[in-house]
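A short worksheet on the structure shown next.
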Amino acid sequence: GQQVMQIPQYQHVQEGEDFTTYCNSSTTLSNIQWYKQRPGGHPVFLIQLVKSGEVKKQKRLTFQFGEAKKNSSLHITATQTTDVGTYFCAGCNFGNEKLTFGTGTRLTIIP
Amino acid sequence: DAGVIQSPRHEVTEMGQEVTLRCKPISGHNSLFWYRQTMMRGLELLIYFNNNVPIDDSGMPEDRFSAKMPNASFSTLKIQPSEPRDSAVYFCASSSLGPYGYTFGSGTRLTVV
Numbered sequence: 001g002q003q004v005m006q007i008p009q010y011q012h013v014q015e016g017e018d019f020t021t022y023c024n025s026s027t028t029l030s031n032i033q034w035y036k037q038r039p040g041g042h043p044v045f046l047i048q049l050v051k052s053g054e055v056k057k058q059k060r061l062t063f064q065f066g067e068a069k070k071n072s073s074l075h076i077t078a079t080q081t082t083d084v085g086t087y088f089c090a091g092c093n094f095g096n097e098k099l100t101f102g103t104g105t106r107l108t109i110i111p
Numbered sequence: 001d002a003g004v005i006q007s008p009r010h011e012v013t014e015m016g017q018e019v020t021l022r023c024k025p026i027s028g029h030n031s032l033f034w035y036r037q038t039m040m041r042g043l044e045l046l047i048y049f050n051n052n053v054p055i056d057d058s059g060m061p062e063d064r065f066s067a068k069m070p071n072a073s074f075s076t077l078k079i080q081p082s083e084p085r086d087s088a089v090y091f092c093a094s095s096s097l098g099p100y101g102y103t104f105g106s107g108t109r110l111t112v113v
């Protein structure tokens with residue numbers, strides 16, 4: 001079945017440093033979504049990417065979808081303590097709407 | 001809208017007991033999903049419904065697990081009999097067509113002792 005892997009599994013950064021997480025799917029995706037889960041919380045939808053090579057920005061967050069629609073990345077510029085949490089990518093295959101979640105990257109911030 | 005509502009928030013039960021988890025999706029959302037989250041296996045899709053009809057239950061681990069959606073505003077996930085390895089956080093999520101993603105409930109933390 002479809003697998004979605006993320007690296008790194010954990011990332012500790014100093015406040016103000018940048019952070020990037022990478023997502024790779026074993027199959028070509030129709031779209032990819034990103035979610036953030038705070039400690040003890042539930043996943044919260046951040047964004048959806050659909051087009052090959054698409055880049056979207058939300059303030060300090062930049063999301064990219066690869067040309068082959070099999071990989072994606074999330075980059076956070078100048079991290080803040082509010083960015084703490086686990087970031088998941090989730091891939092959707094063509095023809096159905098179920099999401100396969102990646103393994104997640106847990107971000108911790110050193111103040 | 002109050003979002004996706006799950007109950008109970010926490011459940012502690014003894015091995016062998018029946019457990020029922022409940023979910024009320026967002027009004028107007030036509031798809032509902034049940035996920036299980038553990039440290040070892042991450043977020044796993046158990047089953048999803050579209051317009052109250054089960055579409056894919058390939059993630060349901062065993063016959064001990066069953067899910068129903070009798071109407072557009074209610075779904076249940078039942079485990080009978082429960083086992084310690086079923087301990088996890090169970091999330092319900094709903095969605096509608098469009099680039100809006102899933103809306104997750106707060107989850108039910110199940111502990112089977």
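Chains A and B supply the protein sequences, listed in that same order. The letter at position 105 of the first sequence is residue 105 when you use the working numbering, and the numbering goes up by one with no holes. The letter at position 45 of the second sequence is residue 45 when you use the working numbering, and the numbering goes up by one with no holes. For glycine and all other residues, C-beta sits at the position ideal for the given N, C-alpha and C. Model, not experiment: these values are computed from the prediction.
Between the C-alpha atoms of B/P8 and B/T20, what's the straight-line distance to the nearest angstrom?
Within the second sequence, the letter at position 8 stands for residue 8 of chain B. Within the second sequence, the letter at position 20 stands for residue 20 of chain B. The straight-line gap separating the alpha-carbon atoms of B/P8 and B/T20 is approximately 9 Å.
With DSSP as the reference, label A/T105 as helix, strand or coil.
Residue numbering aside, residue 105 of chain A sits at position 105 when the first sequence is read from its first letter. Three-state result, A/T105: strand.
Just reading off the beta strand (DSSP E) that B/L46 is part of, what are its end residues?
What you label residue 46 of chain B is simply residue 46 of the second sequence in a count that begins at 1. Per DSSP, B/L46 belongs to the beta strand (DSSP E) from G42 to N50.
Using the beta-carbon of each residue, which ones in chain B are nearer than 9 Å to A/G104?
Counted from its first residue, the first sequence places residue 104 of chain A at position 104. Those within 9 Å of A/G104 in chain B are G42 and L43.
In chain order, what residues of the same chain lie with their CB nearer than 6 Å to the CB of A/V62, ignoring the 5 residues before and after it?
Translated into the one-based positions of the first sequence, residue 62 of chain A becomes position 62. The sequence given here places Thr at residue 62 of chain A; Val does not occur at that position. H75.
Given B/Q80, which residues of its chain have a CB within under 7 Å of its CB, disregarding the five upstream and five downstream residues?
The sequence position of residue 80 of chain B within the second sequence is 80, counting from 1. Only E18 and R64 meet the Cβ criterion.
So with Cβ pairs under 8 Å, would you call B/S87 a contact of chain A?
If you number the second sequence from 1, residue 87 of chain B lands on position 87. No, no contact with chain A.
Return yes when the Cβ of A/A90 is within less than 8 Å of the Cβ of A/T100, no when it is not.
Within the first sequence, residue 100 of chain A is the residue found at index 100, counting from 1. Within the first sequence, residue 90 of chain A is the residue found at index 90, counting from 1. Taking 8 Å as the Cβ cut-off, A/T100 and A/A90 qualify as a contacting pair.
In the structure shown, what three-state DSSP assignment does B/P81 receive?
Counting from one through the second sequence, the residue named residue 81 of chain B turns up at place 81. Looking at B/P81 - three-state DSSP - the assignment turns out to be coil, as it is neither helix nor strand.
Would you verify that the beta carbon of B/G105 is, or is not, closer than 8 Å to some beta carbon of chain A?
Within the second sequence, residue 105 of chain B is the residue found at index 105, counting from 1. Put simply, the CB of B/G105 is near chain A, with a gap under 8 Å to one of its CB atoms.
Short of 7 Å in beta carbon distance, which residues of its chain neighbour B/A72, apart from the five on each side in sequence? Order them along the chain.
As a working mapping, residue 72 of chain B is identified with position 72 in the second sequence. Only N52 meet the Cβ criterion.
Alpha carbon to alpha carbon, what distance is there between A/S73 and A/V50?
For this step, residue 50 of chain A is matched to residue 50 along the first sequence. For this step, residue 73 of chain A is matched to residue 73 along the first sequence. Going by the C-alpha atoms only, they are around 13 Å apart.
Reducing DSSP to helix, strand and coil, say where A/D18 ends up.
In the first sequence, residue 18 of chain A corresponds to position 18, counting from 1. Looking at A/D18 - three-state DSSP - the assignment turns out to be coil, as it is neither helix nor strand.
Pick from A/K57, A/G16 and A/V4 that is closest to A/P111, judged by C-alpha positions:
Here residue 111 of chain A corresponds to residue number 111 of the first sequence, with the count starting at 1. It is A/G16 whose Cα lies nearest to the Cα of A/P111.
As an exercise, report each continuous beta strand (DSSP E) stretch of at least 3 residues that is fully enclosed by the region 35-75 of chain A, in chain order.
44-49, 55-58 and 61-65
Hey, A/K70 and A/S30: beta-carbon distance below 8 Å or not?
Stepping through the first sequence from its first residue, residue 70 of chain A is reached at position 70. Stepping through the first sequence from its first residue, residue 30 of chain A is reached at position 30. Not a contact, by the Cβ cut-off of 8 Å.
Neighbourhood of A/T27 by C-beta, 6 Å cutoff - its chain only, sequence neighbours within 5 removed:
Within the first sequence, the letter at position 27 stands for residue 27 of chain A. Excluding positions up to five away in sequence, the list reads Q2.
Give me the residue from B/T108, B/R85 and B/P54 with the minimum Cα distance to B/F33.
Your numbering for residue 33 of chain B matches position 33 in the second sequence. Closest option to B/F33, Cα to Cα, is B/P54.
Might you give, ordered along the chain, the residues of its own chain that have their beta carbon closer than 7 Å to the beta carbon of A/F94, omitting 5 neighbours on each side?
Here the question's residue 94 of chain A lines up with position 94 in the first sequence. S30.
Residues of chain A with a CB under 9 Å from the CB of B/F65: which are they?
The sequence position of residue 65 of chain B within the second sequence is 65, counting from 1. Near B/F65 there are no residues of chain A at all, since even the closest Cβ is about 17 Å away, more than 9 Å.
Just reading off the beta strand (DSSP E) that B/L110 is part of, what are its end residues?
Counting from one through the second sequence, the residue named residue 110 of chain B turns up at place 110. Unbroken beta strand (DSSP E) run through B/L110: T108 to V112.
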